[in-house]
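Report on the structure given below.
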Amino acid sequence: MNQATENSAVGYTTEDGRKIGGTVMEMKNITLRFGGVIAIENISFDIHEGEIRAIIGPNGAGKSSMLNVISGFYHPQEGEVWFHGKKRPVMKPYQVAEQGIARTFQNIALFKGMSTLDNMMTGRLTKVKTNMLDQAIWWGKATKEEEEHREKVEEIIDFLEIQAIRKTPVGRLPYGMQKRVELG
Numbered sequence: 448m449n450q451a452t453e454n455s456a457v458g459y460t461t462e463d464g465r466k467i468g469g470t471v472m473e474m475k476n477i478t479l480r481f482g483g484v485i486a487i488e489n490i491s492f493d494i495h496e497g498e499i500r501a502i503i504g505p506n507g508a509g510k511s512s513m514l515n516v517i518s519g520f521y522h523p524q525e526g527e528v529w530f531h532g533k534k535r536p537v538m539k540p541y542q543v544a545e546q547g548i549a550r551t552f553q554n555i556a557l558f559k560g561m562s563t564l565d566n567m568m569t570g571r572l573t574k575v576k577t578n579m580l581d582q583a584i585w586w587g588k589a590t591k592e593e594e595e596h597r598e599k600v601e602e603i604i605d606f607l608e609i610q611a612i613r614k615t616p617v618g619r620l621p622y623g624m625q626k627r628v629e630l631g
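In this text, residue positions in the sequence shown follow my numbering: the first is 448, and each later residue adds one.
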């Protein structure tokens with residue numbers, strides 16, 4: 448077991464130099480406007496590794512707008528988003544997702560007749576690099592790539608602790624479990 452040394456600026460550093468509990472994302476003085484309506488005004492907060500952060504408030508307080516800024520759907524007029532110590536440039540949502548930042552929406556968007564595993568594999572289609580012909584004949588690179596994606600999905604299933612429902616059609620799952628599948 449590695450010992451860790453405390454460093455208040457970055458959390459903990461292990462003997463091999465890994466930082467644990469350091470700042471992953473910083474929202475600095477974020478202001479978002481829609482015409483003359485101010486949705487978010489001068490909001491700042493940090494998110495640290497391993498931390499669960501809640502954004503709470505009444506209807507119209509800007510919660511969804513802040514999540515949309517974090518996930519790249521909206522771009523603030525003022526302020527900066529920092530990710531892993533670097534200022535994040537304006538990015539499209541798919542580029543933000545490629546960095547590992549994701550969100551779910553209030554309305555579940557799953558294929559109800561498909562299993563948990565199949566829904567999660569479908570979600571990985573944006574990461575497929577092989578061409579359609581290779582995929583159609585499922586040969587060579589396409590086979591290897593699918594195996595790699597399946598391995599990643601299995602890791603996510605383990606992380607989300609949903610092994611018991613991996614083959615269950617998501618339409619038969621309770622709402623909370625469907626949200627967990629959607630997160631994967």
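Think of the CB as a built atom: it goes at the ideal place given N, C-alpha and C, for glycine as much as any other residue.
{"Query": "Mind reading off the beta-carbon distance from P505 to S562? Whole number of angstroms is fine, and I expect it under 8 Å.", "Result": "At roughly 38 Å, the Cβ-Cβ gap does not stay under 8 Å, so P505 and S562 are not in contact."}
{"Query": "Taking 9 Å as the cut-off, decide whether the C-beta atoms of L557 and Q625 are in contact.", "Result": "yes"}
{"Query": "Cα-Cα, which of I603, E594, V600, T551 is closest to Y622?", "Result": "T551"}
{"Query": "Between K539 and the rest of its own chain, which residues show a CB-CB distance below 7 Å, the 5 nearest in sequence each way excluded?", "Result": "G519"}
{"Query": "Compute the distance between the beta-carbons of I487 and V528, then report whether it is under 9 Å.", "Result": "no"}
{"Query": "What are the boundary residues of the alpha helix (DSSP H) that includes K510?", "Result": "510-517"}
{"Query": "What's the gap between the Cα of M513 and the Cα of G587?", "Result": "43 Å"}
{"Query": "Could you check if I612 is buried or exposed, using at least 16 other CB atoms within 10 Å of its CB as the buried criterion?", "Result": "buried"}
{"Query": "Please look up how many angstroms separate the CB atoms of M568 and V628, rounded, as I've assumed it's under 8 Å.", "Result": "About 12 Å; that fails the 8 Å criterion."}
{"Query": "CB-CB under 7 Å to G509, same chain, minus the five flanking residues each way: which ones, in chain order?", "Result": "A486, I487"}
{"Query": "Please state the DSSP three-state secondary structure of A451.", "Result": "Interpretation of A451 is limited by its pLDDT of 36, a score under 50 that renders its predicted location unreliable; no figure is taken from the coordinates."}
{"Query": "Which term fits Y521, buried or exposed, when burial requires 16 or more other beta carbons within 10 angstroms of its beta carbon?", "Result": "buried"}
{"Query": "Quick check on L572: does DSSP put it in helix, strand or coil?", "Result": "helix"}
{"Query": "Going by other Cβ atoms of all chains shown within 10 Å of its Cβ, with 16 needed for buried, is P536 buried or exposed?", "Result": "exposed"}
{"Query": "Tell whether a beta-carbon distance below 9 Å holds between S412 and M474.", "Result": "The displayed coordinates of the chain run from 448 to 631. Any statement about residue 412 would go beyond what the structure contains."}
{"Query": "Closer than 8 Å: is that where the CB of H522 sits relative to any heavy atom of the ligand COA?", "Result": "Absence of the ligand COA from the depicted structure is noted, as is the absence of any ligand whatsoever, leaving it without description."}
{"Query": "Give me whichever residues DSSP pairs with H495 in a beta bridge.", "Result": "T470"}
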